[in-house]
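Asks: Questions regarding the structure given below will be posed in turn.
Protein chains: 2
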Amino acid sequence: MITPKTLSGFKDRLPKEAMAKGAVLDKLAHVFKSFGFVPIETPHLEYAHILTQEQGEIQKEIYRFKDHGKREVALRFDQTLPLARFIAQHHSSLGLPFKRYAIGNVFRGERAQKGRYREFTQCDFDFIGSHSILCDSEIIQVIIAGLRALDLEEFSVWINHRKILNGLCQHFGLHAQEDTHTLLRVIDKLGKIGHEGVLLELNAHFPKIDFKEFLGIINTKQEEDSLEFFKRVDHLKSYNATLKEGLEELESLFALLLALDINPDHFKVDFSIARGLGYYTGMVYETTLNQLTSLGSVCSGGRYDNLSKSFSTQNLPGVGASIGLDRLLVALEELELVESKSTSARVLVVCMHPSHFVYASQVAQNFRQSEVNTELYPEIGKLKKPFSYANQKGHEFVVVLGEEEVQKESLTLKNMTTGLQVNHLSFLKALAMVKE
Amino acid sequence: MITPKTLSGFKDRLPKEAMAKGAVLDKLAHVFKSFGFVPIETPHLEYAHILTQEQGEIQKEIYRFKDHGKREVALRFDQTLPLARFIAQHHSSLGLPFKRYAIGNVFRGERAQKGRYREFTQCDFDFIGSHSILCDSEIIQVIIAGLRALDLEEFSVWINHRKILNGLCQHFGLHAQEDTHTLLRVIDKLGKIGHEGVLLELNAHFPKIDFKEFLGIINTKQEEDSLEFFKRVDHLKSYNATLKEGLEELESLFALLLALDINPDHFKVDFSIARGLGYYTGMVYETTLNQLTSLGSVCSGGRYDNLSKSFSTQNLPGVGASIGLDRLLVALEELELVESKSTSARVLVVCMHPSHFVYASQVAQNFRQSEVNTELYPEIGKLKKPFSYANQKGHEFVVVLGEEEVQKESLTLKNMTTGLQVNHLSFLKALAMVKE
């Protein structure tokens with residue numbers, strides 16, 4: 015006997031969870047399509063050298079191995095590098111601008127922790143081939159529309175601009191790009207190690223710089239109305255041109271978003287948002303749920319100058335974001351915003367004798383032809399079993415077909431919620447009760 | 015520069031193909047749910063020993079490697095062994111009978127051939143935990159309903175029974191289970207190597223047996239009405255009890271299916287259907303499209319006695335089938351049954367100046383709020399570009415917003431199919447034309 019178990023850090027989704035995930039993905043895909051985003055698919059497996067460009071911790075986490083042809087291959091760890099490869103490979107036939115979404119699993123051999131998995135689902139959407147602020151505005155709109163479609167109401171997309179962070183670095187004497195990247199990576203840990211932790215790390219990296227004032231600015235979060243906020247931080251424009259540009263681009267973005275039918279609480283400025291990844295160059299954002307801030311960001315993204323620079327000389331700027339679906343599902347469950355059923359059928363049909371199989375199959379088919387999802391219980395015997403099955407799985411109605419029902423071409427219908435049972439109904443009357 | 019390319023045997027799906035696949039999966043999932051099947055998900059990666067039970071060619075094709083924790087792991091090559099592991103692991107919380115569907119990618123390091131990929135999508139549905147013929151009937155119904163939902167009209171599920179094949183083996187002097195398996199694997203190649211090829215191979219394996227009459231029976235295919243067919247082959251029941259049982263079970267199945275509202279051309283008997291896999295014990299079937307028989311089977315399956323026997327002492331019989339989605343998509347494209355668009359948006363909104371960005375964003379949002387998928391072209395400049403973009407991608411309407419439109423809060427609408435352009439419409443009039 016082999017012990018049936020999944021690998022550590024990997025998990026099965028049972029029907030209830032898989033149905034909840036499917037419902038969430040359907041709603042998100044509906045939103046993506048409403049903005050004209052189209053789906054693409056890339057393989058789970060790529061040449062290893064395609065995926066080993068991004069530096070940092072992630073390299074140790076990549077699943078890589080030699081395939082049957084001795085090629086070095088790797089399982090994708092995100093959907094951004096595959097997108098970069100995809101765009102460079104197909105851009106001539108795709109036509110630019112190009113707006114894609116991709117829902118897929120990625121793999122990271124991280125240390126196993128509660129709620130963190132080594133295979134998880136990402137839901138990415140990117141707008142490639144344009145510098146226009148309309149794209150930035152659209153990605154924010156999609157995030158907000160997507161979360162609203164899931165009945166989430168209290169959340170904010172926290173927006174920052176890399177030019178603001180770069181401008182601040184310049185102002186405080188950090189000029190080398192490498193130093194800025196180091197600083198961004200430390201800032202990115204604010205949520206994990208806190209203000210004091212960040213200060214300690216920064217002092218260790220750059221002992222000559224006093225980061226108190228710097229961190230004071232970084233800790234600026236919009237609490238008031240957008241216009242008032244931009245007034246409050248307007249003096250920063252005088253620090254340098256980079257900072258000024260960053261702030262002005264944020265102002266333009268907010269002007270666009272405020273003109274739309276969107277709750278202004280859903281998008282706010284937060285100067286501490288850094289995003290660790292190297293490729294971001296413009297706006298960056300994270301999204302938190304007000305009731306579950308400890309969960310961290312459920313959707314993060316930003317603008318990048320040139321996604322495919324390792325693959326192509328063509329300049330391909332873009333902006334995009336990624337929803338961490340597993341985390342989002344945890345949140346929706348905690349907020350009781352997911353349906354909790356283990357069956358896709360509303361009606362369970364039960365019969366009492368093999369000689370009723372034909373009639374039972376016909377009744378089930380009739381319900382289905384009337385757009386009522388219907389399951390036929392395959393076993394005969396005591397009624398206790400199918401009824402407890404229906405209770406366990408969540409069928410709304412049980413149809414019982416005994417000798418008398420079959421002879422009269424009728425059926426007995428029990429409403430599992432109210433407990434009401436009606437005997438010897440015609441099919442049409444039963445259908446009317448189910449559809450009521 | 016890195017050359018952007020996928021691994022040999024792996025491929026990207028561009029939007030047109032990914033959208034067609036998505037539409038097909040939505041329709042199939044709708045059918046699965048109508049019968050009460052529920053989705054589950056298992057990881058792409060499993061302990062290697064879980065996947066290395068099935069014998070044969072497939073073993074050489076498995077992608078296996080050591081993970082970061084030195085565990086022997088493997089990418090799944092089908093969704094049946096993971097299902098067996100899943101059921102054994104979770105059956106107490108699932109409740110039996112259990113009907114699952116699973117749509118997922120599997121990996122096989124086969125020799126690269128045209129139209130064969132090393133990563134491909136399978137769409138499985140199984141009914142676990144019951145010996146009832148209602149389950150067999152249901153799986154056939156699901157296959158037929160699934161293909162009908164894709165607008166396929168001319169196809170047949172070719173059904174056989176392992177007991178018929180086993181009974182024939184007995185009759186012709188092959189008694190050892192091993193010999194029967196060998197014979198089944200050779201019979202399974204009929205489509206590939208033909209009658210003569212099979213005869214040669216069988217003679218090589220079993221030189222003492224005359225296979226002419228045997229192959230004559232194996233080549234029996236239903237062409238007439240079911241009742242007449244069963245009369246034609248009725249004499250085989252006298253060969254032995256196993257053959258008799260197999261034929262009678264097929265007769266019961268056909269009696270159930272013929273009583274339903276299903277075209278009887280969609281299910282027929284074919285004694286040559288063997289299915290190579292060891293775990294089948296009852297009915298087995300393959301599905302061919304009449305106009306594309308050379309494509310082979312698009313959906314195959316059958317009944318197995320005990321799916322999880324390697325993992326559990328509990329007896330878990332079942333019946334299920336698997337749709338090869340990639341092959342099915344090729345067929346649908348050849349039969350011109352897939353939509354051919356590269357955009358999910360019906361309307362493309364174009365504006366002429368950055369000062370119109372707010373108005374353009376509002377117009378696009380208004381269309382979306384009226385359930386019209388709408389894309390906003392992010393660049394300004396000559397109209398030639400967005401129009402050729404709309405032509406390439408397949409937008410039905412282009413909305414143009416110039417100085418005059420913005421001032422009058424109006425819009426200009428061009429129908430890309432008829433070429434008709436109407437200037438200075440109110441939003442409501444434009445919406446009416448789009449929804450017409």
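Note that the protein sequences, when read in sequence, are chains A and B. In this text, residue positions in the first sequence follow my numbering: the first is 15, and each later residue adds one. In this text, residue positions in the second sequence follow my numbering: the first is 15, and each later residue adds one. Each residue gets a CB set at the ideal place from its N, CA and C atoms; glycine is no exception. Bear in mind the structure is a predicted one, so any value in this text is a computation, not a measurement.
(1) Between V312(B), C137(B) and Y293(B), which lies nearest to R114(B) when the distance is taken from Cα to Cα?
(2) Express the C-alpha separation of K407(A) and M33(A) in angstroms, rounding to a whole number.
(3) Could you tell me the alpha carbon to alpha carbon distance between S424(A) and V436(A), rounded to whole angstroms?
(4) With DSSP collapsed to three states, give me the class of T307(B).
(5) Looking at C-beta atoms only, is the number of pairs between the segment 320 to 340 of chain B and the segment 350 to 360 of chain B that lie closer than 8 Å three or more?
(6) On the CB-based measure, 16 or more other CB atoms within 10 Å of its CB, does H367(A) come out buried or exposed?
(7) Taking C-alpha atoms, which residue in H82(B), G332(B), L39(B) and R162(B) lies nearest to I276(B)?
(8) With which residues is L2(A) paired in a DSSP beta bridge?
(9) Restricting to Cα atoms, I'd like to know which of A102(A), Q73(A) and L166(A) is closest to F121(A).
(10) Who pairs with T302(A) in a beta bridge, going by DSSP?
(11) Say whether chain B places a C-beta atom closer than 7 Å to the C-beta of F79(A).
(12) Strictly below 9 Å CB to CB, what residues from chain B border T94(A)?
(13) Short check: CB of H175(B) to CB of L271(B), under 7 Å?
(14) So, is the C-beta of I153(A) closer than 7 Å to a C-beta in chain B?
(15) How long is the line joining the alpha carbons of V414(A) and G334(B), rounded to whole angstroms?
(16) Do the CB positions of Y299(A) and V156(A) come within less than 7 Å of each other?
(17) Please name the residue or residues paired with A335(B) in a DSSP beta bridge.
(18) Spatial neighbours of D26(A) within its chain, please: C-beta separation below 8 Å, excluding the five flanking residues on both sides.
(19) Would T431(B) pass as an interface residue toward chain A - the criterion being a Cβ-Cβ separation below 7 Å?
(20) Which of helix, strand or coil does DSSP assign to V352(A)?
(21) Compute the Euclidean distance between the alpha carbons of M297(A) and D193(A), then round it to the nearest angstrom.
(22) Round the Cβ separation of E152(A) and F49(A) to the nearest angstrom and send it over; I've been treating them as touching at under 8 Å.
(23) Kindly indicate if chain B contains any beta-carbon less than 7 Å away from that of D279(A).
(24) What residue ranges within the segment 103 to 128 of chain B form continuous beta strand (DSSP E) runs of no fewer than 3 residues, ordered along the chain?
(25) Taking A102(A) as the query, report the chain B residues whose CB atoms sit under 8 Å from its CB, ordered along the chain.
(26) Using a Cβ cut-off of 7 Å, which residues of the segment 354 to 377 of chain A contact any Cβ in chain B, in chain order?
(27) Using a cut-off of 8 Å between C-beta atoms, extract the partners of D26(B) located in chain A.
(28) Exposed or buried, which one is Q93(B) when buried takes at least 16 other CB atoms within 10 Å?
(29) Can you pull the DSSP bridge partners for L182(B)?
(30) Taking A98(B) as the reference, give the member of K84(B), S322(B), L427(B) and I16(B) with the closest Cα.
(31) Taking the alpha carbon of E389(B) as the point to measure from, which residue in Q379(A), E353(A), R125(A) and P111(A) has its own alpha carbon closest?
(32) Determine the burial state of H209(B): buried for a count of at least 16 other Cβ atoms within 10 Å of its Cβ, exposed for fewer.
(33) Note down, in chain order, every chain A residue with its Cβ under 8 Å from the Cβ of D140(B).
(34) Cβ of F325(B) less than 7 Å from any chain A Cβ?
(35) Can you grab the Cα-Cα spacing for the pair V420(B) / T295(A), in whole Å?
(36) Determine whether the beta carbon atoms of V364(B) and Y391(B) lie at a separation below 7 Å.
Replies: Here's the rundown:
(1) Measuring from the Cα of R114(B), the nearest candidate turns out to be C137(B).
(2) Taking the straight line from one Cα to the other gives about 13 Å.
(3) 11 Å
(4) helix
(5) No: the two stretches stay apart, fewer than three of their Cβ pairs being nearer than 8 Å.
(6) exposed
(7) Here the closest residue by C-alpha is R162(B).
(8) Because chain A spans 15 through 450 in this model, residue 2(A) falls outside it and cannot be assessed.
(9) Q73(A)
(10) S170(A)
(11) yes
(12) Going along chain B, no residue has its Cβ under 9 Å from T94(A), so there is no contact; the nearest lies around 14 Å.
(13) no
(14) no
(15) So the two alpha carbons sit approximately 26 Å from each other.
(16) no
(17) F139(B) and G315(B)
(18) T20
(19) It does not: the Cβ of T431(B) has no partner Cβ on chain A nearer than 7 Å.
(20) coil
(21) 20 Å
(22) 6 Å
(23) no
(24) 112 to 121
(25) Using a Cβ-Cβ cut-off of 8 Å, A102(A) is close to P18 of chain B, given in chain order.
(26) S356, T357, S358, A359, F371, V372, S375 and Q376
(27) I54, E55, T56, P57, F100, Q103 and H104
(28) The residue in question, Q93(B), is buried, as its Cβ has 16 or more Cβ neighbours within 10 Å.
(29) L182(B) is not bridged to any residue.
(30) S322(B)
(31) P111(A)
(32) exposed
(33) In chain order: nothing, as chain A lies at least about 13 Å away.
(34) yes
(35) 33 Å
(36) yes
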